[in-house]
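Asks:
In the working numbering, the protein residues as written are 26 to 319.
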């Protein structure tokens, strides 16, 4: 019987140095794409896939994330007395009533694997999502929902992947796979940010994971890497020796919002699709990109 995934883990302790000075005070996860911060898109995707418990692995100066998902009685009062009912409904329902939020401080910046390990007590003995908010995926069916349905076929860890260009291989964890008797691709090797010549493929893991609780044993036993970080990739590399780990090349377009160009691309695309401003924004883009007559 498929195991229900109730928990989503959001590692949000990173500094966001590529967006300085914008991220000097405000977390990169709070950067807005049109009218919602990146972390809200991540939360909405996870809830759509069935998550009922949201675990944020935070650091100092990340209080605005917690504040964003908390109630704001003063603002609610202002919106109420001014008759702005639609906005009032929006901010009251950022987190549905059946969903709980947990905030855990990552005391040291020891990498993604350590951030996931920090969530162990909150996750318990169940499979869980790991969602990196930097990777914004625009799809008809939310990426984690695609993965959840795939997970139900085998109840084993699952990695969201996509093909990347050769020049980008060094930015990602890269997997080698084989197709099993069931027709599902299984990971045979995973390497963290290899040089192009050392990469087993160009299939990159891109910010979406479903992990079984066995990953915590692996994270507790692996050694810290040369960069003084506990790599999730190393733990998965150990996990594949004990249980199958599968991949899903998801349907959708991914925007790397950890980069300035990717963030701008996402802003343009989501602006074009926005119900309120999409048409006028499209007209504006056509006007500024059409050839200028002399």
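Even for Gly, the Cβ is constructed at its ideal location relative to N, Cα and C.
Identify, in the order they occur along the chain, each residue of the same chain with its Cβ nearer than 6 Å to the Cβ of residue 41, setting aside the five sequence neighbours on each side.
Replies: Excluding positions up to five away in sequence, the list reads 48, 53.
Asks: Identify the continuous beta strand (DSSP E) that holds residue 265 and give its terminal residues.
Replies: From DSSP, residue 265 is part of no beta strand (DSSP E); its letter is neither H nor E.
Asks: Do the segment 166-174 and the segment 58-76 meet, that is, are 3 or more Cβ pairs less than 8 Å apart?
Replies: Yes: at least three Cβ pairs fall under 8 Å.
Asks: How about residue 56 and residue 309: do their beta carbons lie closer than 8 Å?
Replies: no
Asks: Are the segment 209-229 and the segment 287-302 in contact at 8 Å, needing three or more beta carbon pairs?
Replies: no
Asks: Could you have a look at residue 211 and say whether DSSP puts it in helix, strand or coil?
Replies: strand
Asks: Measuring alpha carbon to alpha carbon, tell me which of 301, 39, 307 ends up nearest residue 159.
Replies: 39
Asks: Report the three-state DSSP secondary structure of residue 286 (helix, strand or coil).
Replies: Helix.
Asks: Touch check for the segment 270-280 and the segment 136-155: three-plus C-beta pairs under 8 Å?
Replies: No: fewer than three Cβ pairs fall under 8 Å.
Asks: Just list the residues that DSSP pairs residue 187 with in beta bridges.
Replies: Looking at the DSSP assignment, residue 187 forms a beta bridge with 229.
Asks: Thinking C-alpha only, which one of 299, 220, 141 is nearest residue 254?
Replies: 141
Asks: So, with DSSP's three-state summary, where would you put residue 147?
Replies: When DSSP states are grouped into helix, strand and coil, residue 147 belongs to the helix group.
Asks: What do you get for residue 262, buried or exposed, if any count of 16 or more other CB atoms within 10 angstroms of its CB means buried?
Replies: By the neighbour-count rule (16 or more Cβ atoms within 10 Å), residue 262 is buried.
Asks: Which residues in the same chain have their Cβ closer than 7 Å to the Cβ of residue 171, if we skip the five residues on either side of it in sequence?
Replies: 273, 275, 276
Asks: Using a threshold of 8 Å, state whether the C-beta atoms of residue 161 and residue 124 are closer than that.
Replies: No; because the gap between Cβ atoms is not below 8 Å, this pair is not in contact.
Asks: Cβ atoms of residue 27 and residue 150: under 8 Å apart, would you say?
Replies: no
Asks: Measure the Cβ-Cβ separation of residue 265 and residue 212 and say whether it is below 8 Å.
Replies: Closer than 8 Å, so yes.
Asks: State buried or exposed for residue 64, treating a residue as buried only when at least 16 other CB atoms are found within 10 Å of its CB.
Replies: buried
Asks: Kindly indicate the opening and closing residues of the beta strand (DSSP E) around residue 156.
Replies: 153-156 is the span of the beta strand (DSSP E), which, as asked, contains residue 156.
Asks: Thinking just about the alpha-carbon of each residue, which of 192, 260, 84 is nearest to the one in residue 243?
Replies: 260
Asks: Which whole runs of the beta strand (DSSP E) in the segment 67-114 are 3 residues long or more, in chain order?
Replies: 78-83
Asks: Do residue 279 and residue 187 have their CB atoms nearer than 8 Å?
Replies: yes
Asks: Kindly identify the DSSP beta-bridge partner or partners of residue 281.
Replies: 160
Asks: Thinking C-alpha only, which one of 45, 176, 132 is nearest residue 209?
Replies: 176
Asks: Grab me the residues of residue 256's own chain with a C-beta within less than 8 Å of its C-beta, minus the 5 sequence neighbours each way, in chain order.
Replies: 136, 137, 138, 217, 247, 250
Asks: Can you give me the C-alpha to C-alpha distance between residue 108 and residue 101, rounded to a whole angstrom?
Replies: 11 Å
Asks: Helix, strand or coil: which one does DSSP assign to residue 307?
Replies: helix
Asks: Can you give the Cα-Cα distance for residue 114 and residue 225, rounded to whole angstroms?
Replies: Take the alpha-carbon of residue 114 and the one of residue 225: they are about 49 Å apart.
Asks: According to DSSP, is residue 29 part of a helix, a strand, or is it coil?
Replies: coil
Asks: Which class does residue 140 belong to by DSSP, given the choice of helix, strand or coil?
Replies: Note: residue 140 maps to helix in three-state DSSP.
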